[in-house]
Amino acid sequence: MTTESAPVRRRDRIQLATLVGPATLYLLIFFLAPLVIVFVYSFLKRGPYGQLVWEFNLQNYVRVIDPLYLKIFWNSLVLALASTIGCLLLAYPFAYYIARRPSARTRNILLIFVMIPFWTNFLIRTYAWRVILSGDGPINAVLLRLGLIQEPLTLLFTNGAVLIGLIYGYLPFMVLPLYAAIDRIDFSLMEAANDLYANGWQAFRRVLLPLSMPGVVAGSILVFIPSLGAFVTPDLLGGGKSVMIGNLIQSQFLTARDWPFGSAISMVLMAVVLIATLVYFRRGGQAL
Amino acid sequence: MSQSDRKPAVELRNLTKVFPNPQGEPVVAVDNINLTIYDGEFFSLLGPSGCGKTTTLRMIAGLELPSSGSVLIHGQEMANQPAFRRPVNTVFQRYALFPHMTIWENVAFGLKMKKTPQGEIDQRVEETLRLVRLEKMGGRKPSQLSGGQQQRVALARALVNNPEVLLLDEPLGALDLKLRQAMQDELKRIQQQVGITFIYVTHDQEEALAMSDRIAVMNEGVALQVDEPYDLYEDPKTRFVADFIGETNFLEGEVSAHDDEHSRVQLVTGQMAVVPHEGKKLPVGSKVTVAIRPEKIYIGSGDPPELHNVFVGRVHNITYLGTDTYYDILLPNDVEVVARQQNEDYTGNAATARVGDEVYLAWRAHNASLLTD
Chain A
338 MTTESAPVRR
348 RDRIQLATLV
358 GPATLYLLIF
368 FLAPLVIVFV
378 YSFLKRGPYG
388 QLVWEFNLQN
398 YVRVIDPLYL
408 KIFWNSLVLA
418 LASTIGCLLL
428 AYPFAYYIAR
438 RPSARTRNIL
448 LIFVMIPFWT
458 NFLIRTYAWR
468 VILSGDGPIN
478 AVLLRLGLIQ
488 EPLTLLFTNG
498 AVLIGLIYGY
508 LPFMVLPLYA
518 AIDRIDFSLM
528 EAANDLYANG
538 WQAFRRVLLP
548 LSMPGVVAGS
558 ILVFIPSLGA
568 FVTPDLLGGG
578 KSVMIGNLIQ
588 SQFLTARDWP
598 FGSAISMVLM
608 AVVLIATLVY
618 FRRGGQAL
Chain B
355 MSQSDRKPAV
365 ELRNLTKVFP
375 NPQGEPVVAV
385 DNINLTIYDG
395 EFFSLLGPSG
405 CGKTTTLRMI
415 AGLELPSSGS
425 VLIHGQEMAN
435 QPAFRRPVNT
445 VFQRYALFPH
455 MTIWENVAFG
465 LKMKKTPQGE
475 IDQRVEETLR
485 LVRLEKMGGR
495 KPSQLSGGQQ
505 QRVALARALV
515 NNPEVLLLDE
525 PLGALDLKLR
535 QAMQDELKRI
545 QQQVGITFIY
555 VTHDQEEALA
565 MSDRIAVMNE
575 GVALQVDEPY
585 DLYEDPKTRF
595 VADFIGETNF
605 LEGEVSAHDD
615 EHSRVQLVTG
625 QMAVVPHEGK
635 KLPVGSKVTV
645 AIRPEKIYIG
655 SGDPPELHNV
665 FVGRVHNITY
675 LGTDTYYDIL
685 LPNDVEVVAR
695 QQNEDYTGNA
705 ATARVGDEVY
715 LAWRAHNASL
725 LTD
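The listed protein sequences derive, respectively, from chains A and B.
Per our numbering, the very first residue in the first sequence carries number 338; after that it's consecutive.
Per our numbering, the very first residue in the second sequence carries number 355; after that it's consecutive.
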């Protein structure tokens, strides 16, 4: 039992207020308040000119269950999952290598490579992908030249194009937490596993992977959540053909001017993300 | 125990390991080592840090590949056997216990990888945990155990597989002194109980002397001398070994004559030492070093004993150490010799010299060694 004197407790409170206070206040004003507004809007009605009608109803949530919208939800979930898995498969070996092998110099250079894309605006980079994937873009040009195809492939405005864009955009968010997690692992544990008759795969499966799970979980969440809500990437690379929830929400707010319905979809999206994250954390936690 | 009637467990033949240093230049970590370690032996690789002892051990384990030369285990060439196929297990310096597994799972790991039937795994893990006195700890995680207990888990995790050879890389290095001494006894007990060949890497000479059947002293990648503890201490063959194991006085000199058993060495102090040459008569005029342990030197005043080696010197400094006292004695030409005398024992004898006294030093010829390096 510790008995703390009053001044000590007061100092704690002052520290809490001065150190934690500003960020908390910021989030309260700029995150929680808009969230409450969206929550309230989702129960209102759209007027004939797009204005808000203060009439409580659940109609917006009923509309979300429409097969048309459910399909978009489903498409988004599949794409977000695929982009998470894609990022994981690409990032794990890379993160393993930089955590394990090279000199500090090589390691820093590789980490800078991961971060270089952030130096250019995301929008511009995504436009670049439009050029790369277009009918007269470099990929098609090379394939045509090699005679592997007779006509340009339709790469742009497909789910595949959106997936490529998502993986490209969020790969660094997978690499960095994985690197941090793998870097913390004592590699004599892998030697110990080898010494105890585990081959490379078994040592990975039984020792490295379970111990790097915090990085896998963190990276997956950092990729999955923004992928699920993405709207720039599907807008530019999916055209009208591959639509994700993000586009739907955007169009409800900006084009259809149906703020209540847009708010309702946003709330549902948040609920899906929250549930998915909780389930994942729980399963991930068990794997640790 | 004679070695001739025992089977070799591990043979190292011209084993060499070259690493690039951070500048990319090659550095020889292990330099052409030839060693045979016999079944059931407690064998130590002893040397200062960086001497290549751990690299040698890792090459036996398969965690490091030799640059040249070979490792044989029970006559089998190991060159193409990765670590996970070798019939050896290692106790790592910092234990390397799997932090996400319980003690039981840690110990069962090797058996599981070898696809041992579950019933046998359960039985052997239980037996081994009992052997290291941790039978009640199976359900805990490594982080919940003390250093000494973790050390025993690491030992159990290796021993449970019943390896042909057990490799131990400074396993007691992280423990405090009392615990280390207790674990030395424990390791020795377990080794005798299971009868497995132990190859033990340490930089602690007392530890090596206390536990080993034989010791290889290594320096700069070379195995300088391989002997039983007694011979290593009493009859060091090189200056490094004499200095690394225990304490030694080195007296420089020049061979001046021989008789049937002894060489006479003209010391730089102007005095004459008599040392057994063991059949190796060096040419007269050879530069040599006479090595003599502090505790083999008797100091006194009055009539000296009738020995070949009696010298006169002056007490320069006295250090009282409880059981013993160290006397620093100056010989002519400022050569300092340390003599170690036991303080008053049951006979009531004790050296009584004081700083500044003129005393004689004496030692028996066979206690000194003649070194050529």
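Virtual Cβ for every residue (Gly too), placed ideally from N, Cα, C.
What first and last residue would you give for the beta strand (DSSP E) that runs through residue i?
| i | result |
| --- | --- |
| Leu755 (chain B) | The structure shown does not extend to residue 755 (chain B), since chain B is modelled only from 355 to 727, so the question has no answer here. |
| Pro630 (chain B) | Met626 to Pro630 |
| Asp581 (chain B) | Val576 to Asp581 |
| Leu400 (chain B) | Phe396 to Leu400 |
| Ala528 (chain B) | Run containing Ala528 (chain B): none; DSSP gives neither H nor E here. |
| Val425 (chain B) | Ser422 to Ile427 |
| Ala570 (chain B) | Arg568 to Asn573 |
Given a threshold of 16 other Cβ atoms within 10 Å of its Cβ, counted over all protein chains shown, does residue i qualify as buried or as exposed?
| i | result |
| --- | --- |
| Met527 (chain A) | buried |
| Gln504 (chain B) | buried |
| Tyr534 (chain A) | buried |
| Met432 (chain B) | buried |
| Phe373 (chain B) | exposed |
| Thr594 (chain B) | The question names Thr, yet the displayed sequence has Phe at residue 594 (chain B). So Phe594 (chain B) counts as buried. |
| Pro475 (chain A) | exposed |
| Leu405 (chain A) | exposed |
| Thr701 (chain B) | exposed |
| Asp614 (chain B) | exposed |
| Arg346 (chain A) | exposed |
| Gly575 (chain A) | buried |
| Arg647 (chain B) | buried |
| Asp727 (chain B) | exposed |
| Pro514 (chain A) | buried |
| Met452 (chain A) | exposed |
| Lys407 (chain B) | buried |
| Asp349 (chain A) | exposed |
| Glu660 (chain B) | exposed |
Can you tell me whether DSSP reads residue i as helix, strand or coil?
| i | result |
| --- | --- |
| Pro376 (chain B) | coil |
| Met550 (chain A) | helix |
| Thr336 (chain B) | No statement about residue 336 (chain B) is possible, as the shown extent of chain B runs from 355 to 727 and does not include it. |
| Tyr674 (chain B) | strand |
| Gly502 (chain B) | helix |
| Thr408 (chain B) | helix |
| Val610 (chain A) | helix |
| Tyr617 (chain A) | helix |
| Asn515 (chain B) | coil |
| Ala450 (chain B) | coil |
| Lys542 (chain B) | helix |
| Ala343 (chain A) | helix |
| Leu356 (chain A) | helix |
| Val479 (chain A) | helix |
| Glu615 (chain B) | coil |
| Gln620 (chain B) | strand |
| Val486 (chain B) | coil |
| Thr643 (chain B) | strand |
| Asn368 (chain B) | strand |
| Leu725 (chain B) | strand |
| Pro648 (chain B) | helix |
May I ask which residues mark the beginning and end of the alpha helix (DSSP H) holding residue i?
| i | result |
| --- | --- |
| Gly506 (chain A) | Asn496 to Asp520 |
| Lys466 (chain B) | Ile457 to Met467 |
| Ser420 (chain A) | Pro404 to Arg437 |
| Thr444 (chain B) | Thr444 (chain B) -> not in any alpha helix (DSSP H); beta strand (DSSP E) instead, spanning Val442 to Val445. |
| Met452 (chain A) | Ala441 to Met452 |
| Ile461 (chain A) | Phe459 to Leu470 |
**Study point:** Within 7 Å of chain B by C-beta, residues of the segment 544-558 of chain A in sequence order
**Key:** Val544, Pro547 and Leu548
Exercise for review: Output, in sequence order along the chain, the residues in the segment 405-417 of chain B whose CB is closer than 7 Å to any CB in chain A.
Suggested key: Ala415 and Leu417
Check your understanding: For the segment 680-721 of chain B, which segments carrying the beta strand (DSSP E) assignment without a break, of at least 3 residues, lie completely within its bounds, in sequence order?
Key -> You should have 689-696 and 712-717.
Exercise for review: Mind checking the segment 456-478 of chain B against chain A and listing, in chain order, the residues whose C-beta falls within less than 8 Å of any C-beta there?
Suggested key: Phe463, Gly464, Met467 and Lys468
Practice item. Could you please tell me which residues of the segment 413-444 of chain B, in chain order, have their CB closer than 9 Å to any CB of chain A? Key: Ala415, Gly416, Leu417, Pro436, Ala437, Phe438, Arg439, Arg440, Val442, Asn443 and Thr444
**Study point:** Length-filtered (4 minimum) alpha helix (DSSP H) runs lying within the segment 515-600 of chain A
**Key:** Look at the segment 515-600 of chain A and you find these whole runs of alpha helix (DSSP H), each 4 residues long or longer: 525-532, 537-540, 546-565, 569-575 and 582-591.
Check your understanding: Enumerated in chain order, which unbroken segments of the alpha helix (DSSP H) with a length of 4 residues or greater are wholly contained in the segment 373-401 of chain A?
Key -> Taken in chain order, the complete alpha helix (DSSP H) segments of 4 or more residues contained in the segment 373-401 of chain A are 396-401.
Exercise for review: May I ask you to list, following chain order, the residues of the segment 677-711 of chain B that have a beta carbon less than 7 Å from some beta carbon of chain A?
Suggested key: none
Practice item. Residues of the segment 418-450 of chain A with a CB closer than 7 Å to any CB of chain B: list them in chain order, please. Key: The segment 418-450 of chain A vs chain B, Cβ under 7 Å: nothing.
**Study point:** the segment 508-532 of chain A: positions lying closer than 8 Å to chain B by Cβ
**Key:** Asp523, Ser525, Leu526, Glu528, Ala529, Ala530, Asn531 and Asp532
**Study point:** Members of the segment 479-502 of chain B that neighbour chain A once the beta carbon cut-off is set at 9 Å
**Key:** none
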